[in-house]
Amino acid sequence: AAGTPGPTASPSQPAPASAAATSLTVDFMADGQNTTDTWTLQCDGAAPLPGSNVPDPATACAALAEQGVALFAEADRNAMCTQNIVGMQRAHVTGTVNGEAVDTSFALTDGCQISRWERLTGLLGPAEGTL
Numbered sequence: 131a132a133g134t135p136g137p138t139a140s141p142s143q144p145a146p147a148s149a150a151a152t153s154l155t156v157d158f159m160a161d162g163q164n165t166t167d168t169w170t171l172q173c174d175g176a177a178p179l180p181g182s183n184v185p186d187p188a189t190a191c192a193a194l195a196e197q198g199v200a201l202f203a204e205a206d207r208n209a210m211c212t213q214n215i216v217g218m219q220r221a222h223v224t225g226t227v228n229g230e231a232v233d234t235s236f237a238l239t240d241g242c243q244i245s246r247w248e249r250l251t252g253l254l255g256p257a258e259g260t261l
């Protein structure tokens with residue numbers, strides 16, 4: 131009887147968590163140093179939940195539902211990255227994507243970082259920097 135409540139409790143817990151299994155906070159730094167905006171995103175699968183205020187919640191949720199935390203992957207340390215800077219903007223993203231923890235930063239300081247940002251324009255806005 132002791133084993134019965136455990137399995138019964140486990141299936142009931144993922145159901146509420148799945149409604150907001152993707153819940154992110156973005157601290158956006160227009161000057162690269164100080165947080166100028168804080169946005170939130172909550173997704174129910176590929177659909178944004180009310181109150182999500184990132185630049186394009188529908189696009190962000192659809193991308194995250196399809197590709198998950200892979201969108202946050204860092205560039206390979208051995209990758210050759212073009213040395214172009216399009217802006218000083220930075221973003222720090224924390225939360226969960228499909229229940230997996232996310233805590234990473236984005237910048238527009240080289241080709242590899244710009245590519246990372248462009249994978250998440252729905253979440254971070256366009257990778258159009260201002261110098």
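Per my numbering, residue 131 is the first one in the sequence shown, and the count goes up by one each step. From the three backbone atoms N, C-alpha and C, an ideal C-beta is built for every residue, glycine too. Being a predicted model, the structure only gives us computed values, none of them experimental.
- Of the candidates Arg220, Ala192, Cys242, Cys242 places its Cα closest to the Cα of Gln213.
- For Ala231, the enclosing beta strand (DSSP E) has its first and last residue at 230-237.
- Looking only at Leu254, Ala176, Pro187, the smallest Cα-Cα distance to Val223 is reached by Leu254.
- Rounded to whole angstroms, the Cβ separation of Gln219 and Gly162 is 6 Å, and the two are in contact under 8 Å.
- Scanning the segment 181-207 for uninterrupted alpha helix (DSSP H) segments of 4 residues or longer gives 187-197, listed from N- to C-terminal end.
- Per DSSP, reduced to three states, the secondary structure at Leu154 is strand.
- When Cβ pairs closer than 8 Å are counted between the two stretches, the segment 229-241 is seen not to touch the segment 181-193, the count staying below three.
- By the neighbour-count definition (other C-beta atoms within 10 Å, threshold 16), Arg207 is an exposed residue.
- Straight-line measurement puts the Cα of Asp167 at about 5 Å from the Cα of Phe158.
- Taking the CA atoms as reference points, Ala221 sits about 19 Å from Cys173.
- Comparing alpha carbon positions, the residue from Leu250, Gly217, Arg249, Gly252 closest to Glu258 is Gly217.
- Between the C-alpha atoms of Thr155 and Met210 there is a straight-line separation of about 30 Å.
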